[in-house]
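Just below is one structure, and these are the notes that go with it.
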Amino acid sequence: MAKLTLERAREIVLSEGDIPEVVARTVRPEVVTSWRRSLLSGAEVSRPELPFVGELDTENALCAAADPVLSKLADRLSGLGAGVLLADRNARILRRWVSDANILPLLDSLRSDAGFTGSEEIVGTNGIGTVAETSRPVQIVGHEHLMESMTPFACVGVPVFHPITHRPEGIITMSCRADAGSALLTPLMMSAAADVEHRMLEQASRRERMVLDAYLEASRGGSRRVAGVGQGIFIAGPRVTTLLGGTHQVVLWETVREALGGRASATAELRVDDEQVVPISCTPITNQGQIIGALVDFGNPMTRRVAAATVGRTVQRAPSMPGLVGTSVAWLEAVASVRSAVASGDPVLVSGEMGLGKTTLLLRALAEQHEPSRVETVELASAAWNELASAMSALDEVTNRRPDVVLLKHIEALPQQVAMALASRILDGGHDVRFVATFTSATGTAATPEHERLLAALGGHAVHVPPLRERAEDIPYVAHAILADASTRRLTLSSGALRALVRAPWPGNVMQMKTMLRSFPAEVSGEIQASDLPSEIQACATRRQLTTLEHVELRAILDALKQAQGNKVLAAKIVGVSRSTLYRKLSSYRIDPDADYF
Numbered sequence: 018m019a020k021l022t023l024e025r026a027r028e029i030v031l032s033e034g035d036i037p038e039v040v041a042r043t044v045r046p047e048v049v050t051s052w053r054r055s056l057l058s059g060a061e062v063s064r065p066e067l068p069f070v071g072e073l074d075t076e077n078a079l080c081a082a083a084d085p086v087l088s089k090l091a092d093r094l095s096g097l098g099a100g101v102l103l104a105d106r107n108a109r110i111l112r113r114w115v116s117d118a119n120i121l122p123l124l125d126s127l128r129s130d131a132g133f134t135g136s137e138e139i140v141g142t143n144g145i146g147t148v149a150e151t152s153r154p155v156q157i158v159g160h161e162h163l164m165e166s167m168t169p170f171a172c173v174g175v176p177v178f179h180p181i182t183h184r185p186e187g188i189i190t191m192s193c194r195a196d197a198g199s200a201l202l203t204p205l206m207m208s209a210a211a212d213v214e215h216r217m218l219e220q221a222s223r224r225e226r227m228v229l230d231a232y233l234e235a236s237r238g239g240s241r242r243v244a245g246v247g248q249g250i251f252i253a254g255p256r257v258t259t260l261l262g263g264t265h266q267v268v269l270w271e272t273v274r275e276a277l278g279g280r281a282s283a284t285a286e287l288r289v290d291d292e293q294v295v296p297i298s299c300t301p302i303t304n305q306g307q308i309i310g311a312l313v314d315f316g317n318p319m320t321r322r323v324a325a326a327t328v329g330r331t332v333q334r335a336p337s338m339p340g341l342v343g344t345s346v347a348w349l350e351a352v353a354s355v356r357s358a359v360a361s362g363d364p365v366l367v368s369g370e371m372g373l374g375k376t377t378l379l380l381r382a383l384a385e386q387h388e389p390s391r392v393e394t395v396e397l398a399s400a401a402w403n404e405l406a407s408a409m410s411a412l413d414e415v416t417n418r419r420p421d422v423v424l425l426k427h428i429e430a431l432p433q434q435v436a437m438a439l440a441s442r443i444l445d446g447g448h449d450v451r452f453v454a455t456f457t458s459a460t461g462t463a464a465t466p467e468h469e470r471l472l473a474a475l476g477g478h479a480v481h482v483p484p485l486r487e488r489a490e491d492i493p494y495v496a497h498a499i500l501a502d503a504s505t506r507r508l509t510l511s512s513g514a515l516r517a518l519v520r521a522p523w524p525g526n527v528m529q530m531k532t533m534l535r536s537f538p539a540e541v542s543g544e545i546q547a548s549d550l551p552s553e554i555q556a557c558a559t560r561r562q563l564t565t566l567e568h569v570e571l572r573a574i575l576d577a578l579k580q581a582q583g584n585k586v587l588a589a590k591i592v593g594v595s596r597s598t599l600y601r602k603l604s605s606y607r608i609d610p611d612a613d614y615f
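Our numbering applies: residue 18 is where the sequence shown begins, and numbers increase by one.
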């Protein structure tokens with residue numbers, strides 16, 4: 018039997034819509050894998066040319082770094098009759114360099130030019146889209162392309178990675194006639210990609226180098242306990258890192274940034290654990306009038322314990338679980354107060370906004386004093402508690418089971434008449450049961466007078482849990498705990514994503530954050546970028562407080578950018594403004610148009 022040719026193998030795959038064993042044995046494994054992906058995605062391999070996706074923004078760090086490198090590369094390849102393409106990480110072509118005009122008609126016939134896409138799921142196996150899928154160098158020659166109009170080409174594509182985040186940033190592809198291809202072209206293309214990455218590092222690290230230079234100057238002699246900090250930057254010696262312990266770097270930078278507020282210097286206090294605060298002195302590091310970082314001098318730690326309520330017990334960290342983590346004074350005082358109140362044996366009312374974990378906090382505190390089976394939770398926001406007669410019957414049913422403690426959840430849902438009758442019935446009924454309760458306030462204020470009278474009739478303690486927006490330093494710990502508890506996936510947060518979380522208002526508090534962070538598809542893994550977050554959270558990465566109208570405008574712009582996959586030209590059309598106006602708007606909100614939250 019004659020050996021199956023590559024051309025015939027391709028014909029079989031296209032006619033059968035599948036890859037039989039005889040083809041899999043003939044074609045290179047990486048090409049077979051790409052063919053399978055192309056078939057599964059329904060790639061339109063019969064199309065005569067690449068599809069147009071629109072004008073793309075080339076005013077970015079990738080294009081700036083690649084331009085001189087790829088211009089020289091095209092000159093070196095001029096005798097080969099080759100064109101050089103730069104695409105973004107999504108396989109959309111950004112630029113083209115051609116030094117040999119002989120290849121132009123062939124490239125133009127395919128529309129292999131800026132604004133067109135080589136996405137594998139659209140046009141099948143090729144030297145752009147297959148790199149985007151695998152993040153690995155590939156060489157696709159002749160009939161290894163599924164699209165007929167690509168078969169005259171040999172293409173070598175290599176990925177470009179961001180030198181700091183190591184995320185795929187773009188793709189460099191060389192296209193020449195199929196008979197001119199060579200395995201020696203792959204090392205040449207990889208060298209070009211390394212040169213582009215090096216230039217990106219030089220561009221990206223100027224800010225970091227300024228902070229580093231300032232830090233080295235300040236730490237000379239070793240007498241100062243100092244750190245250089247900035248957005249995504251932390252430079253310090255072991256004395257400082259030991260002092261900070263588990264304090265998150267984003268929390269440190271937010272503390273410094275807010276303390277400076279445009280001033281030439283500032284002082285603040287940084288809580289590093291349950292019992293200690295550290296005084297800090299901050300000096301801004303500026304570049305052309307903009308604060309890019311700061312030098313932070315750390316003083317000696319001072320003991321300043323969180324108030325431990327009336328039982329005199331030492332404040333401890335809350336249990337390590339979503340909603341019960343944090344180091345802020347406000348949170349630790351609330352935890353200590355609930356534990357103290359529960360330990361007293363008296364009735365307890367825990368109030369606060371929705372989604373704070375009030376019930377969980379109460380149950381955890383009760384578990385330190387009672388067996389969980391001896392605590393019964395009653396949801397008052399149910400039909401049985403809307404009418405007086407049924408409510409009293411439900412109360413008798415619960416107390417007749419004789420638990421040690423009854424937790425009345427959401428007493429704010431009780432009609433006033435039922436609330437007052439419930440108080441009287443509990444007092445007059447002689448029930449040997451202890452009652453604790455939660456109250457959810459829409460505004461974050463304490464319980465209403467009517468419901469506080471219910472508590473007063475029981476002679477109990479009231480504890481208010483502050484909303485998440487009033488204890489932003491807890492947000493990194495809450496977010497990481499949610500991700501750790503969510504699944505076996507190893508999800509983490511980039512500094513940009515964490516910064517957006519810290520600045521968000523969180524009206525739904527921990528529950529809102531938990532719902533958002535657990536909404537990522539099952540296949541998502543690795544580092545969550547700010548661009549992965551909902552637009553209303555992305556908007557919080559801006560560095561100043563916005564008016565309501567500005568919030569609406571910024572959210573519309575971010576929605577458009579997400580819809581346009583970061584294409585500023587298309588986003589401007591969606592919003593109905595020019596590209597220059599879009600850039601001006603982003604600048605006014607102090608948002609970098611090329612930052613990772615797009």
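By construction, the Cβ of each residue, glycine as well, lies at the ideal position given by its N, Cα and C atoms.
Separation of residue j from residue i, as counted between CA atoms
i	j	result
R356	G362	11 Å
L341	A210	46 Å
L102	E286	52 Å
I492	H481	19 Å
V415	E138	60 Å
T43	L23	7 Å
A384	E370	23 Å
L412	A351	29 Å
A335	G343	Here A335 scores only 39 on pLDDT, less than 50, and its place in the model should not be relied on; the value that follows carries that caveat. Looking at the two C-alpha atoms, the distance is approximately 7 Å.
V435	L485	31 Å
F456	Q386	22 Å
T195	E214	Reading the sequence as shown, one finds Ala at residue 195 and not Thr. Between A195 and E214, the C-alpha separation is close to 28 Å.
M164	F251	49 Å
K585	L73	7 Å
T303	F315	20 Å
T284	P318	14 Å
Q307	S595	27 Å
A501	V62	43 Å
Nearest-angstrom beta carbon gap, residue j and residue i [assumed within contact, 8 Å]
i	j	result
V115	E47	Not confirmed; about 27 Å, so no contact.
A581	L550	17 Å between Cβ atoms; not a contact.
G310	G238	That belief does not hold up - the Cβ atoms of G310 and G238 are roughly 21 Å apart, past 8 Å.
V175	M206	5 Å
A438	A398	Not confirmed; about 17 Å, so no contact.
G141	H160	With 8 Å as the limit, G141 and H160 do not qualify as a contact, their Cβ atoms being about 12 Å apart.
G453	P364	The sequence shown places Val at residue 453, not Gly. Yes, they are in contact, since the Cβ atoms of V453 and P364 sit about 6 Å apart, within 8 Å.
R442	V422	The Cβ separation is near 17 Å, so there is no contact.
Range of the contiguous beta strand (DSSP E) that encloses residue i
i	result
G100	100-105
P185	185-194
D314	307-315
I139	Segment 137-140 is the alpha helix (DSSP H) holding I139; no beta strand (DSSP E) there.
W114	110-115
G174	170-178
I297	293-304
C-beta atoms of residue i and residue j nearer than 8 Å
i	j	result
G513	Q546	yes
L67	F170	no
A496	L515	yes
K426	V450	no
L312	V243	yes
T75	L111	yes
L202	S166	no
E544	R572	no
I120	C193	yes
A131	R153	no
G14	A104	Not covered by the structure: residue 14. The range shown for the chain is 18 to 615.
G34	L57	no
L372	V527	One detail in the question is off: residue 372 reads as Gly in this sequence, not Leu. Yes, the Cβ-Cβ distance between G372 and V527 is below 8 Å.
Chain B within 8 Å of residue i, Cβ atoms only
i	result
G100	This model lacks chain B altogether, as it is built from one protein chain only.
Extent of the continuous alpha helix (DSSP H) to which residue i belongs
i	result
P538	Neither: P538 is in no alpha helix (DSSP H) and is coded neither H nor E.
E225	223-236
P85	78-93
V48	46-58
P551	P551 -> no alpha helix (DSSP H), and no H or E assigned at all.
R356	346-361
The segment 146-161 / the segment 183-193 touching (three or more Cβ pairs under 8 Å)
yes
Would you call the segment 86-97 and the segment 170-181 touching, i.e. three or more CB-CB distances under 8 Å?
no
Say whether the segment 210-229 touches the segment 72-92, bearing in mind that this needs 3 or more beta-carbon pairs closer than 8 Å, one atom from each stretch.
yes
Could you tell me whether the segment 296-306 touches the segment 268-282, using the rule of 3 or more Cβ pairs below 8 Å?
yes
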